[in-house]
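Residue numbers (our numbering): 1265 to 1861.
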């Protein structure tokens, strides 16, 4: 990253200086997107609420604060209790900070001025949070755009901004979420520099763990070493997620390390270790998994499984480029795993027949990878569809057409629904001469939306031909994704393994994803498959028995999609020889994988 000329976040020593211009650019990107959205009226103002400090249950013991991710993306503010505002027309930004009583200085330190925060965070204006309503009133916004939407990984709804006096304003909570999510999907050059840094430090920490691990140690000792390195060398006070330090059979527990299994096993001779850990710097994540034998030397079986996963990892990275459909990469990894397990002797028969029986999900039940950024499971994996602004009260029904044979209709009582499906029963929608009608040409996203009953806004139908935004007579505007707005609706795939993919999008430059294939020998999944004649026929029981208790292998890299391929952000030993050399303490140079750029 070029030397920052303005304010920057920096923790000293060899840590990365992150220019606050990164967040100014993000705000500008968001406002530009919103101005292109025909549903956004002049005078719109974005209002975001930052995170708040919490305590441990009913005590006064504080929980270490980490900023809410959307707010961090837009403002880069580390303090709790703040709000942020953006004027969509001008891009002007206002930060609202808490007003503290004098006693705050006794317990928490110096009370900073508004000018301090204005300079620190490179915003246009700073006011106090108890002035939000009065400041907004003085600026007479047409509408406040607040953030409300579902996180498709957790299923949770993000917190919508709320403050005393908000009821006085016109508020829209449907427009902002899909737009800001789509901004976060594509990383800027400055954001990529931070992600390169988090990967650099976390990669170094993984290598320190590989050198230090010894039979007889506790798994949590490796967790401690990793976190110590990331914090002491990289300024990473937070980890991106709970460290997973599974050894032996625990290496097949996908989310090991939780409170019920807190990395507390003693590492045994012959164990395979799967250590999935990532440090976080200034709210930017990393997510890296290294697999290796506890004693530093691969057995023949360990080597065979490890190299099978390494082959699939590199095949995926070699294939990644813009336009590639992510589920196809999952299927590619599955296919290679089945080929290799057949070569090893665990399976027998036709690999194509195994694919049809979804046998790959027995050995890799999770998805191949996910978006990564400010959150380790970053947003945007399953994007939302575009929507109309609410109708003008008492307006007359109108109709519009987006192209030959594609009809839409809207009314004041009920905005329109996609003409590819039937109207909801409570609406006044009438299909306007659409010869297609509901049928197989209605895509799964469209059918799913129609099946939800009455909806609060009109929805685009993504199987229709591209069309420009269509202004409807009473001030609503229909959005069509091919013209710079939202991407196509993406459905989860209801197949074993694939249903756990955290995104099913086509790759585009600027996306950052993990590539994390794995092969695991999980008893209950193996037992289920063996009890199913359609799958049991592929197993070689004698060879399979040899791998009971093996655990698993996962190799996880962080990559960014480029114009013609991908860039690997992670830098750790990966071949069997490189891993063994590292674990022996020999600092032998290794060549990170380099796929198509």
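In this text, a Cβ means the ideal position worked out from N, Cα and C, and glycines have one as well.
In the DSSP annotation of this structure, the continuous segment of the alpha helix (DSSP H) that includes residue 1401 starts and ends at 1396-1403.
Leaving aside the five residues that flank residue 1615 on each side, the residues in its chain whose CB is nearer than 7 Å to its CB run, in chain order, 1599, 1602, 1603 and 1606. Excluding its 5 nearest sequence neighbours in each direction, residue 1329 has C-beta neighbours in its own chain below 6 Å: 1317 and 1344, listed in chain order.
About 16 Å separates the Cβ atoms of residue 1295 and residue 1340, ruling out a contact at the 8 Å cut-off. The continuous beta strand (DSSP E) containing residue 1552 extends over residues 1552-1557. The Cβ atoms of residue 1444 and residue 1547 lie no closer than 7 Å to each other. Per the coordinates, the alpha-carbon of residue 1793 lies some 9 Å from the alpha-carbon of residue 1801. In the DSSP assignment, residue 1415 is bridged to no other residue. Counting the other Cβ atoms within 10 Å of the Cβ of residue 1514 gives 16 or more, which makes it buried. Look at residue 1436 here: in three-state DSSP terms it is strand. Secondary-structure assignment with DSSP links residue 1309 through a beta bridge to 1351 and 1408. Taking 3 residues as the shortest admissible run, the stretch 1773-1805 contains the following complete beta strand (DSSP E) segments, listed from N- to C-terminal end: 1776-1779 and 1782-1784. Cβ-Cβ distances below 6 Å link residue 1507 to 1487, 1521 and 1541 in the same chain, with the five nearest sequence neighbours on each side left out; the list follows chain order. Counting only residues of its own chain and dropping the five nearest sequence neighbours on each side, residue 1841 has no CB closer than 7 Å to any other CB. Excluding residues up to 5 positions away in sequence, 1330 and 1544 lie with their Cβ nearer than 7 Å to the Cβ of residue 1502 in the same chain. The residue among 1429, 1461, 1634 and 1369 with its C-alpha nearest the C-alpha of residue 1393 is 1429. Contact check for residue 1534 against residue 1815 fails: the beta carbons are separated by 7 Å or more. DSSP places residue 1421 in the strand class (E or B) of the three-state scheme. Counting other Cβ atoms within 10 Å of its Cβ, residue 1269 stays below 16 and is therefore classed as exposed. Taking a C-beta distance under 7 Å as the contact criterion, residue 1401 and residue 1634 do not qualify as a contact pair. Each residue's CA atom was taken as its position, placing residue 1771 and residue 1379 some 43 Å apart. Restricting attention to 1782, 1415 and 1575, the CA atom closest to the CA of residue 1516 is found in 1782. With contacts defined by Cβ atoms closer than 7 Å, residue 1346 and residue 1361 form a contacting pair. When secondary structure is reduced to three states using DSSP, residue 1763 falls in the helix class. If you look at residue 1515, you'll find it isn't in any beta strand (DSSP E); DSSP assigns it neither H nor E. The C-alpha of residue 1775 lies about 11 Å from the C-alpha of residue 1453. Residue pairing by DSSP puts residue 1544 in a beta bridge opposite 1502. Per DSSP, residue 1345 lies in no alpha helix (DSSP H) and is assigned neither H nor E. C-alpha of residue 1419 to C-alpha of residue 1300: approximately 29 Å in a straight line. The C-beta separation of residue 1441 from residue 1411 comes to about 6 Å, placing the pair in contact by the 8 Å criterion.
Excluding five sequence positions before and after residue 1622, the CB atoms of its chain that fall closer than 6 Å to its own CB belong to 1760, given in chain order. In the DSSP assignment, residue 1830 falls within the beta strand (DSSP E) that extends over 1830-1832.
Judged by DSSP in its simplified three-state form, residue 1323 adopts coil rather than helix or strand.
Excluding sequence positions up to five before and after residue 1754, its CB lies within less than 7 Å of the CB of 1646, 1647, 1768 and 1769, all in the same chain and listed in chain order. Measuring C-alpha to C-alpha distances from residue 1496 to each of 1526, 1505, 1518 and 1465 identifies 1465 as the nearest. For a cut-off of 8 Å, the C-beta gap from residue 1577 to residue 1786 is around 20 Å, too long to register as a contact.
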